[in-house]
Amino acid sequence: MQSASNSSPHAPDRWFPTRKPLTDPRLRLFCLPYAGGSVAIYNQWSQGLPAGVELCPVQLPGRERRLSEKPIGSLPALVDALLPAIAPLLDRPFAFFGYSMGARISLELARRLQARNGPRPVGLFLGAAGPPSVNTREPIHHLPEPEFIAQLRRYDGTPEEIFQHRELLELVLPMLRADFGIAFTEDGPQPAKLEVPISVVGSPDDKHVPTANLERWRDETRSEDVRVRLFPGGHFFIKSQRDALLAHISEDLNRWMGRAP
């Protein structure tokens with residue numbers, strides 16, 4: 001029988017199953033996945049981060065250990081569910097890393113915290129995505145199944161073996177539809193600008209996110225500390241350029257932690 005803490009929808013073990021708490025962390029780095037991704041993306045990241053950084057990959061409903069849970073396809077609903085789980089961990093300086101869909105979630109988390117006058121991240125890492133104001137891609141999550149699957153293949157993020165096994169595909173399709181619904185969420189009228197630094201990473205080879213769109217993240221914050229860096233490897237350079245990406249993240253985290261109270 002599950003303990004009360006583990007059965008709660010906001011239980012930290014449910015949202016952060018691979019987190020290894022540090023005794024006295026200097027900073028917590030919350031990592032949000034791309035559509036269809038899980039905490040597994042961030043395996044082995046801890047060894048590439050500065051000392052004292054506690055890695056907190058976020059496991060969303062509908063995948064891996066949470067496969068039996070209904071995926072959340074509404075960005076406001078997801079943030080409503082996630083914030084209570086994150087809140088107890090915001091007693092130390094923190095940052096968000098969001099990749100593709102995860103960038104959209106990270107932006108919304110930071111906006112919500114700022115709107116509530118809550119603790120703010122020392123910075124945001126946003127990868128393989130432009131801001132919602134310049135999202136020119138067509139939403140795919142409402143497409144009929146054959147067209148939706150064809151579009152999934154174009155993104156190269158879903159392993160081919162999943163497409164080859166009908167039962168497995170049927171298990172993950174609801175999660176993928178929900179994730180792409182999150183990724184394509186449009187902004188409401190004139191959201192407030194953030195007050196935090198932003199570090200943007202992308203690839204000139206990314207056929208889904210033009211390099212010019214990466215520069216538009218500057219419009220989302222009042223901070224003058226906005227950096228845009230490019231890596232080879234296309235939309236999923238997070239896999240092929242892990243070491244170079246972690247070196248960049250570490251550089252910015254050291255800089256941001258130097259400013260944190």
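If you count the sequence shown from 1, position 258 lands on 258 in full-length UniProt numbering, and the numbers rise without skipping.
Ideal placement from N, C-alpha and C gives every residue a C-beta, glycine not left out.
Note that the structure is predicted; figures quoted are calculated from it, not measured.
- Within its own chain, the residues whose Cβ lies closer than 6 Å to the Cβ of L78, once the five positions on either side in sequence are excluded, are I72, listed in chain order.
- When secondary structure is reduced to three states using DSSP, L176 falls in the helix class.
- Less than 7 Å divides the Cβ of W217 from the Cβ of I198.
- Taking the CA atoms as reference points, Q47 sits about 16 Å from V39.
- The closest CA to that of P93, considering only R177, M175, D24, D187, is found on D24.
- The beta carbons of H235 and A128 sit closer together than 7 Å.
- Where V226 is concerned, the enclosing beta strand (DSSP E) starts and stops at 226-230.
- With fewer than 16 neighbouring CB atoms inside 10 Å of its own CB, P88 falls in the exposed class.
- Taking all protein chains in view, the Cβ of Q190 is surrounded by fewer than 16 other Cβ atoms within 10 Å, so the residue is classified as exposed.
- Ranked by Cα distance from P119, the first of S100, E195, T158, R66 is E195.
- The three-state secondary structure of G234, taken from DSSP, is helix.
- Taken in chain order, the complete alpha helix (DSSP H) segments of 4 or more residues contained in the region 83-161 are 101-115, 145-155.
- Distance from the CA atom of R63 to the CA atom of V209, rounded to whole angstroms, is 25 Å.
- Relative to T221, the option among S100, R19, L124 whose CA is nearest is L124.
- When DSSP states are grouped into helix, strand and coil, P76 belongs to the helix group.
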